[in-house]
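S.K.: Below are the structure tokens for one structure; questions will follow.
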């Protein structure tokens, strides 16, 4: 939280206390934090696709017709792509660390021609909200966060409300 606040405060000072498109693009650590949060807890757990023609994947043929279910949550925690996959580590998204990653090992908004059309807008809104909150408040969980139980429906959500104390700076 402190590292993120330091970045946000610096960018806010450089931009007369305002957030705009340019200043939001300078929040690289916030970008990485968001990506890591979406890797660990993608809003959509799985997606489905129905191939219109046969697709060859290495030595496998995926036939046209049947519905294919892709487990995004599983891909995002796969040891083949992510060392220590259950650990929150925003720096795993540093450019030098992800340059050789396959584009389909991180798909919180899907990927390819049918990906989420609201991806850029959603990320921009999340960055704006988080930057504003972290600039003005210290956040402190009320309960021990390890005890949070998640429900896996169409989206991932906590089974019970998560209470956070907002302490003005």
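Numbering (the working numbering), first residue to last: 73 to 241.
Cβ atoms here follow ideal geometry from the backbone N, Cα and C, with glycine treated the same way.
Is it buried or exposed, residue 210, if we count other Cβ atoms within 10 angstroms and call 16 or more buried?
M.R.: By the 10 Å Cβ count, residue 210 comes out exposed.
S.K.: Could you give the DSSP three-state label for residue 214: helix, strand or coil?
M.R.: Three-state result, residue 214: coil.
S.K.: Identify the continuous alpha helix (DSSP H) that holds residue 144 and give its terminal residues.
M.R.: Where residue 144 is concerned, the enclosing alpha helix (DSSP H) stretches over 144 to 148.
S.K.: Suppose contacts are defined by Cβ-Cβ distances below 8 Å. Is residue 120 in contact with residue 141 by that definition?
M.R.: Result yes, Cβ atoms of residue 120 and residue 141 sit closer than 8 Å.
S.K.: At 3 residues or longer, and completely inside the stretch 98 to 143: list those beta strand (DSSP E) runs for me, N to C.
M.R.: You should have 118 to 121, 127 to 129, 132 to 134 and 140 to 143.
S.K.: Determine the direct distance from the alpha carbon of residue 76 to that of residue 160, and round the result to whole angstroms.
M.R.: Their Cα atoms are separated by approximately 14 Å.
S.K.: Exposed or buried, which one is residue 205 when buried takes at least 16 other CB atoms within 10 Å?
M.R.: With fewer than 16 other Cβ atoms within 10 Å, it is exposed.
S.K.: Looking at the structure shown, is residue 223 part of a helix, part of a strand, or coil, going by DSSP?
M.R.: Strand at residue 223.
S.K.: Residue range of the beta strand (DSSP E) that residue 230 falls in?
M.R.: Per DSSP, residue 230 belongs to the beta strand (DSSP E) from 228 to 230.
S.K.: Please look up how many angstroms separate the CB atoms of residue 136 and residue 150, rounded, as I've assumed it's under 8 Å.
M.R.: About 26 Å; that fails the 8 Å criterion.
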